[in-house]
Each structure stands twice: as C-alpha cells, then as structure tokens.
Amino acid sequence: MVRGLYTAASGMNVQQNRMDEIANNLANVDLNGYKKDTAIQKAFPEMLMRRMNDDGVYRFPFGSVDASPIVGTVGTGVETNEVYTNFAQGAMKQTENPFDMALDGRGFMTVQTPQGERLTRNGAFLLNSDGYLVTKSGDFVLGENGPIKLKLNNFTIDEDGTVWQNSTFAADDKRLVSQQENQWDNIERVDRLRIVDVKRQRYLQKQGDSYWKTTDESGDAQVIASARPKLRQGFLEGANVNPVQEMVEMIEVNRAYDANQKTIQTEDSLIGKLWNEVVKV
Amino acid sequence: MMRSLWTAASGMTGQQFNIDTISNNLANVNTTGFKQMRADFEDLLYQTQKLAGTPATEATVVPTGVQVGHGVMPGATQQIFTQGALQSTGNTGDMAIEGEGFFRVVQFDGTYAYTRDGSFKIDSNGQLVTSDGYKLSPEVILPEGFVADSLSISQDGRITVKVAGSDDPVEVGQMELYRFVNPAGLQAIGQNLLKVTNATGDPIPGRPGFDGMGKIQQKFLEMSNVSVVKEMVNMIVAQRAYELNSRAIQTSDSMLATATSLKR
C-alpha cells in the first residue's frame, strides 16, 4: 500500500514513546537523586529507489535489460533507539537531617539488596532497629567493609565519604548518645562509604526504587580512588528534571504527533481519490 | 492506552500525598511536641521494551535498551526529630525534654505509648496524666494534701512536692525517658502519641540527663519543629509539580484525540 501511511504511523508511535518519557520525568520531578530520561530516535533503514522501465532499458535483438538508474533514497520512518539517562548533577537541598546524604559529582552509593548490589544517588537513609544504615526500602547501605553500624549523634561523614565516630559510646548498643554530651574525645574511623562508578554510565539499567543495576556493557562498579565525588551530609540531591525544558518538549511532541496525523489523513485522502475517482470502471 | 496518562496520574497522586503531608505539618505548627513529617518518593518499576545485550547482528549486541518508567509512588513518610523551640509557660505541670528521649504513658488498653508532649496535668487521684488522661509511666502519685504550686521536677527527673503543714519537700518519684535506635520508625497514632514498631528497636530506658538522655525543663513546653518557610517552599514546589503533571495528562489526552480523529 501507500508507503507514507506506515512511515507516518511510525512517527506517531515514536512521539508517544517520547511523551511516556516526559510524563515519567515530570512524575519524578520531586524525587531525590532522580536522573531524567530522554528518548532518542533513529531512522529506519533507507530504501534505494531505482527508476524502472524507462530510458535505462537496453534492447538487444534477443531481449532487453533494465539498467534501472538510481534516483535516490527514501526513508521509511523512525523508531525509538535508546532511552538515554542524563546523569547531570541535581540541585542540593539542605535538610539538616544527619542521615541525608547527597553526592556532588560523578559516582554512586552502593546498596545491598536481596538481588545483589545496586547503585543509588538517593541518599535519604535511615537506621534500622539494629542500628545499621539502610535505605527507605530497608536495604543496607554499604561501606567498603560491608554494612555500616551507627548511632544517632555519634557519627559524622566527611566529604570523602569516610564515616567517623566517637569510640567512647560505640561499644554498648543500648547506650544512646545526645548531642550535648558528645565531646568527640576518641575519634575513630568506622568505614568509608562505598562510592563507586562504572566505566559507561550510559548502559546502567534503572530498577525502580531509585536503584541502578550494572550490566555487562556498563562494566562492574569500581570504588573510586581519586577524584571522588564530594559527599554532603545533611543534604539531598534534587531531581535534575528541568520543567521548562520538559514543557517545551511536550509542546514539540504534541505538534509532531499532529503533523504525523495530518500526513496519514493526506495519504488516506489520496487513496480515497484513487479508489473513488481515478479507478472508475 | 497511552502509558503517559497513568504515569502523570501517579505524579499527581504523589504530589497530592506530598501536599497532604505538608498541610498536616502546617496544621500542627502550634502543636506541643509535634515533629515535622516528610514525604519521600520512589520511582516505580521500569518496563523494558528493548533489552540491552541482545544480539543486533552476528557480531554485535544492542548496547542500550529502551526502558520506560511508570511514574512515582510515595516511598515513606519520615518524622524529623530535631529539637523544637522551648516555650516558657510558668505552669508547674509542664515539662519539655531538652535533647533526646520520649516520655512514656500508659494508654487505656494498658499498652505503652511515647510522646514528646510534656503538658502533664494532675488528676483527681494526684497522678500526673496527659491532657487525654493517660498516666505517665513509671507512675507518679502525689501524696495527700500536697501543695499544687510546690511541684518541682529537677533536670534529672526527680519529682518533689511539699505537703501542707511542712516546709520540707518530699521526693515522690523519678521520671524516666526512653530512646530508640531508630526513632524515625515510630508510628504516629494521633493525640501526640507514638507507638513502637518492629523498625524502632526496643525502647532503651534511662534517667534524664544521663547516658545520652535529654534534660527535663519544668515550666517549659517544646513547640513543634515545623519551619513555616520551608513548608511554604515545599508547598510551592508540590503545587507546581502537580500542575506540570496535569499538563502531561492534557497533552496525552490531546494526542489521543488526534489519534482518534485519524478516522474521519
């Protein structure tokens, strides 16, 4: 049938995919550590057009051959090729909650889930009933030597991600600490947060719950030794979604969708003309 | 139908939940011992339309997949236990905890609840009770014929009172405070009370002013720690986010209308 019909339909499908991504970005506009997604399109393979049965036909006494000169290529539409996650830094929100952490720079915090290690930039952490640092889903936040055990008012985390505590209060689980009494007389290094990076962030897979999973293409998560991102205690990283940009994109998507629809209608009326007016028996 | 409709709807529901939390904070801006709540979000599952790592040709694999998210959900509401400002009341039954810890009260069904609201009253039996009549625990019973104004509570929680006809104060009880490994896991049950859950760990009792417990300040009340400015900013953000998501729904809707009008 008329090729343009399917070309335009592929255009509408792709715009719908883009709209899905925009809606997801806007739904997560207030999610800590969210990184926005962009749908990237690619063209379908182009077809080579040749002119048939024209002046390219060589006649011989015993037959003919069609040299079919090439007239050019024609596109056949578009598809969603990739959803690209933009890892640009989000804004820092001060919360003054000691369990909130934000990363300033490239890298991820590591979390132990039942399915394996996951990466996250959503640093709204808590203590569980045993005193371990956990995420909102209850998964352990990992230091370089495993889960980290802490006490309220008895820990501090520096920019490097190193966790310090006052060992005076650390021994007894039942001995909780108040801010006033803590003199910080015996400062002790507990652990360093496992802040990692992967070779190719682009290939990380989103898991929901603010988690990313490493894939074969992204490479394994490696602890960052030098040029670590700065860890800010008492801050949260906002989503890096820019509402203005999303709105503009939404308008663009809407109009592109309309334009493709018009193409389909035009093709439709062409076919209608063909059947109803040209082909009259 | 269009996925974006539901995605944006989840965004709107999420922001509505956010506004619910914010307005509860603002409604309680004058509640004694109230602790600010915060709504935290999580993104929903991602649908994989094209899996990364599947063969593209004989020699190459598709490096990145196509994943599309399904929106957002409220992940948790967290109470932020920072110290509220202390307000002088001059009332002998009022106590504020300066620092960490909770008062424990006995509910009518005999179970314990915890609170930072120290506006205690003296009931007809001479017992210290909350505004709702819940008894302070461990129990404090004032002797008969006590002088109401002479009730005195020291910073470490010793309760003394004078009895009519005598000048010497009598010690009638010792207050205890309770702490939790994870106070954010406490469940709010209304009436300024909090309940222990599996997430908090067992309550750890202690004497006020010792072992990390806060001091008791008599004739003071702890005000709520809600910061009005912060809540207003959060409210603006939530409202705008709500609007943005409604626009996404409108756009999806108009796209659907376009698709429907394909067939004339």
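Chains A and B are the protein sequences, given in the same order.
Number 323 in my numbering belongs to position 258 of the first sequence; there are no gaps in the numbering.
Number 275 in my numbering belongs to position 251 of the second sequence; there are no gaps in the numbering.
All C-beta atoms in this analysis are idealised placements derived from N, C-alpha and C, irrespective of residue type, glycine included.
What you are looking at is a predicted structure, and each value in this text was computed from that prediction instead of being measured.
Integer Cβ distance of residue i from residue j, believed to fall under 8 angstroms
{"i": "residue 114 (chain B)", "j": "residue 239 (chain B)", "result": "Not a contact, Cβ separation roughly 19 angstroms."}
{"i": "residue 315 (chain B)", "j": "residue 243 (chain A)", "result": "Any answer about residue 315 (chain B) is impossible in this case: the structure gives chain B only from 25 up to 288."}
{"i": "residue 216 (chain B)", "j": "residue 107 (chain B)", "result": "At roughly 16 angstroms, the Cβ-Cβ gap does not stay under 8 angstroms, so residue 216 (chain B) and residue 107 (chain B) are not in contact."}
{"i": "residue 34 (chain B)", "j": "residue 95 (chain B)", "result": "3 angstroms"}
{"i": "residue 139 (chain A)", "j": "residue 112 (chain A)", "result": "5 angstroms"}
{"i": "residue 295 (chain A)", "j": "residue 224 (chain A)", "result": "5 angstroms"}
{"i": "residue 255 (chain A)", "j": "residue 213 (chain A)", "result": "6 angstroms"}
{"i": "residue 175 (chain A)", "j": "residue 207 (chain A)", "result": "4 angstroms"}
{"i": "residue 131 (chain A)", "j": "residue 117 (chain A)", "result": "6 angstroms"}
{"i": "residue 162 (chain B)", "j": "residue 200 (chain B)", "result": "6 angstroms"}
{"i": "residue 275 (chain A)", "j": "residue 185 (chain A)", "result": "5 angstroms"}
{"i": "residue 70 (chain B)", "j": "residue 271 (chain A)", "result": "5 angstroms"}
{"i": "residue 171 (chain B)", "j": "residue 152 (chain B)", "result": "Their Cβ separation, rounded to whole angstroms, is 15 angstroms, which puts residue 171 (chain B) and residue 152 (chain B) out of contact at 8 angstroms."}
{"i": "residue 218 (chain B)", "j": "residue 138 (chain B)", "result": "5 angstroms"}
{"i": "residue 247 (chain B)", "j": "residue 109 (chain B)", "result": "5 angstroms"}
{"i": "residue 180 (chain B)", "j": "residue 231 (chain B)", "result": "6 angstroms"}
{"i": "residue 286 (chain A)", "j": "residue 279 (chain A)", "result": "5 angstroms"}
{"i": "residue 29 (chain B)", "j": "residue 329 (chain A)", "result": "Residue 29 (chain B) to residue 329 (chain A), Cβ: 22 angstroms. No contact."}
Range covered by the beta strand (DSSP E) that runs through residue i
{"i": "residue 229 (chain A)", "result": "227-231"}
{"i": "residue 103 (chain B)", "result": "96-103"}
{"i": "residue 262 (chain A)", "result": "260-262"}
{"i": "residue 124 (chain A)", "result": "122-125"}
{"i": "residue 66 (chain B)", "result": "61-67"}
{"i": "residue 218 (chain B)", "result": "217-219"}
{"i": "residue 55 (chain B)", "result": "No beta strand (DSSP E) holds residue 55 (chain B); DSSP gives it neither H nor E."}
{"i": "residue 138 (chain B)", "result": "136-139"}
{"i": "residue 221 (chain A)", "result": "220-222"}
According to DSSP, residues forming a beta bridge with residue i
{"i": "residue 277 (chain A)", "result": "A:184 and A:271"}
{"i": "residue 244 (chain B)", "result": "B:112"}
{"i": "residue 336 (chain A)", "result": "Answer by DSSP bridge pairing: none, since residue 336 (chain A) is not bridged."}
{"i": "residue 170 (chain B)", "result": "B:187"}
{"i": "residue 289 (chain A)", "result": "Note: residue 289 (chain A) sits in no beta bridge, so no partner."}
{"i": "residue 106 (chain A)", "result": "A:145"}
{"i": "residue 202 (chain B)", "result": "B:126 and B:229"}
{"i": "residue 72 (chain B)", "result": "B:91"}
{"i": "residue 135 (chain A)", "result": "A:115"}
{"i": "residue 153 (chain B)", "result": "B:145 and B:159"}
{"i": "residue 129 (chain A)", "result": "A:124"}
{"i": "residue 254 (chain A)", "result": "A:229"}
{"i": "residue 176 (chain B)", "result": "B:184"}
{"i": "residue 212 (chain B)", "result": "B:218"}
{"i": "residue 329 (chain A)", "result": "DSSP, once it has assigned bridges, lists no residue as partnering residue 329 (chain A)."}
{"i": "residue 239 (chain B)", "result": "B:122"}
{"i": "residue 214 (chain A)", "result": "A:197"}
{"i": "residue 302 (chain A)", "result": "A:157"}
{"i": "residue 79 (chain B)", "result": "B:85"}
{"i": "residue 195 (chain B)", "result": "B:184"}
{"i": "residue 165 (chain B)", "result": "B:151"}
Segment limits, alpha helix (DSSP H) that includes residue i
{"i": "residue 47 (chain B)", "result": "27-51"}
{"i": "residue 297 (chain A)", "result": "It is not in any alpha helix (DSSP H) - residue 297 (chain A) instead sits in the beta strand (DSSP E) that spans 295-298."}
{"i": "residue 206 (chain A)", "result": "That residue, residue 206 (chain A), is in no alpha helix (DSSP H); its beta strand (DSSP E) goes 205-208."}
{"i": "residue 72 (chain A)", "result": "68-92"}
Start-end ranges of the beta strand (DSSP E) lying completely within the stretch 247-287 of chain B, minimum 3 residues = As for any beta strand (DSSP E) of minimum length 3 sitting wholly inside the stretch 247-287 of chain B, there is none.
Beta strand (DSSP E) runs wholly inside the stretch 143-194 of chain A, at least 3 long, in chain order = 143-150, 157-159, 166-169, 173-178 and 181-185
Answer yes if the stretch 69-85 of chain B comes into contact with the stretch 48-57 of chain B, meaning at least three C-beta pairs across the two stretches below 8 angstroms, and no otherwise.
-> no
Given 8 angstroms, three or more beta-carbon pairs between the stretch 160-176 of chain B and the stretch 205-216 of chain B | no
The stretch 320-338 of chain A in contact with the stretch 187-195 of chain A per 3-pair CB rule at 8 angstroms | The answer is no - the stretch 187-195 of chain A does not touch the stretch 320-338 of chain A, with fewer than three Cβ pairs under 8 angstroms.
Determine, using beta-carbon pairs with one atom in the stretch 240-254 of chain A and one in the stretch 281-292 of chain A, whether at least three such pairs fall under 8 angstroms.
-> Judged by Cβ distances under 8 angstroms, the stretch 240-254 of chain A makes no contact with the stretch 281-292 of chain A, as fewer than three pairs qualify.
Specify whether the stretch 296-309 of chain A and the stretch 152-170 of chain A touch according to this definition: at least 3 beta carbon pairs, one from each stretch, less than 8 angstroms apart.
-> yes
Sufficient close CB pairs (3 or more, under 8 angstroms) joining the stretch 27-43 of chain B to the stretch 258-274 of chain B | The stretch 27-43 of chain B and the stretch 258-274 of chain B touch, with no fewer than 3 CB-CB distances between them shorter than 8 angstroms.
At a cut of 8 angstroms, does the stretch 75-83 of chain A reach the stretch 99-112 of chain A through at least three beta carbon pairs?
-> The stretch 75-83 of chain A is in contact with the stretch 99-112 of chain A.
Are there three or more Cβ pairs, one per stretch, closer than 8 angstroms when the stretch 193-205 of chain A is compared with the stretch 186-198 of chain B?
-> no
Kindly confirm or deny that the stretch 303-322 of chain A and the stretch 276-287 of chain B touch, where touching means at least three C-beta pairs closer than 8 angstroms.
-> yes
Are the stretch 61-80 of chain B and the stretch 91-99 of chain A touching, with three or more C-beta to C-beta distances below 8 angstroms?
-> yes
Would you call the stretch 270-279 of chain B and the stretch 131-147 of chain B in contact, with 3 or more CB pairs under 8 angstroms?
-> no
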